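Accompanying notes for the structure given below.
Protein chains: 2
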Amino acid sequence: MEYQAINFSEKLGKFSDQWQARVVAEMNDYQFKLVKIQGEFVWHEHDDTDEVFIVLEGKMVIEFRNGRVEMKTGEMFVIPKKVEHKPIAENECKILLVEPRGVVNTGDSGGELTAENDVWI
Amino acid sequence: MEYQAINFSEKLGKFSDQWQARVVAEMNDYQFKLVKIQGEFVWHEHDDTDEVFIVLEGKMVIEFRNGRVEMKTGEMFVIPKKVEHKPIAENECKILLVEPRGVVNTGDSGGELTAENDVWI
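Top line first, the protein sequences correspond to chains H and V. For what it's worth, my numbering labels the leading residue of the first sequence as 128, then goes sequentially. For what it's worth, my numbering labels the leading residue of the second sequence as 128, then goes sequentially.
Below, the structure is given as structure tokens:
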């Protein structure tokens, strides 16, 4: 049997809305999600889990209350749990997120950018 | 404070041995590891966890007892726990692995390709 790998470019070609992550895979109780971002997200934190950002294409910044990290294609960063952060991208940036199943994108902050969870593509 | 992202190319430039994964990040109790592979690995399985392969550069094949998956740059695959598999790469392939801290690369199979664990770079 010929199994199929998950191709990030092919999956990214299937949607165009921003800030709405799509799940592409699960490993144990963790999910791998693709998301396109542009503009400024809301300040938020995740109380129960770290969160991984991997930049697949583009540039972005994650602001913290005490600093920032710049990220570009081929780079990753782990945001520790309970640390407030705000993702920003001047131009559209394509990202792979890794976090436990059930994590809400806006953490405890809510608001209009809160996305539907567990949307597969 | 200016935090530094983890740059995969920069980290991959710091080692040349094959089949010896280097940890570059931890998220909760999971590790992100870079590894360079070439040739055929041993058949093995992980009884307690799924395992994620993300190809950063090159091509590889993962053989299963009932089939195979071909993977290239920008593709990922989740190997379910308890599923026997054998990674193969004709030419050197550079991979990002995601799995829980403490997973042994050869699973229960052992042998000379068993690598030291928890080696950071």
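Yeah, the Cβ is synthetic: ideal placement off N, Cα and C, and Gly gets one too. These numbers were taken from a predicted model, which means no experiment stands behind them.
Sequence-distant residues of its chain with Cβ nearer than 7 Å to residue i (five each side left out)
i: H:F204; result: F180, I189, V196 and M198
Min CB distance residue i to chain V below 8 Å
i: H:F168; result: no
i: H:Q158; result: no
i: H:R195; result: yes
i: H:A242; result: no
i: H:D235; result: no
Proximal residues to residue i (C-beta, below 8 Å), its chain only, five neighbours per side dropped
i: V:A152; result: I133, Q158 and F159
i: V:E219; result: Q145, K163, I164, Q165 and G185
Identity of the residues DSSP links to residue i by a beta bridge
i: H:Y224; result: Checking the displayed sequence, the identity of residue 224 of chain H turns out to be Leu instead of Tyr. Its beta-bridge partners are H:K160 and H:F180.
i: V:K186; result: V:K199
i: V:H171; result: V:H212
i: V:A148; result: BP columns for V:A148 are empty, so no partner.
i: V:F135; result: None; V:F135 has no bridge partner.
i: V:E129; result: H:R195
i: V:F204; result: V:F180
i: H:E153; result: H:Q158
Test: residue i CB closer than 8 Å to a CB of chain H
i: V:Q147; result: no
i: V:V225; result: yes
Burial state of residue i, where buried means 16 or more other Cβ atoms lie within 10 Å
i: V:R228; result: exposed
i: H:R149; result: buried
i: H:V246; result: exposed
Nonlocal neighbours in the same chain, by C-beta distance under 6 Å from residue i, ignoring five residues either side
i: H:K141; result: I248
i: V:H171; result: T233, G234 and S236
### Message
Please list, in chain order, the residues of the segment 198-220 of chain V that have any C-beta partner in chain H closer than 7 Å.
### Response
M198, G201, E202, M203, F204 and V205
#### Entry: Positions along the segment 128-144 of chain V whose CB lies within less than 8 Å of some CB in chain H
M128, E129, Y130, Q131, A132, I133, N134, F135 and S136
### Task
Please list the residues of the segment 170-189 of chain H that have a C-beta atom closer than 7 Å to any C-beta atom in chain V, keeping them in chain order.
T176, D177 and V179
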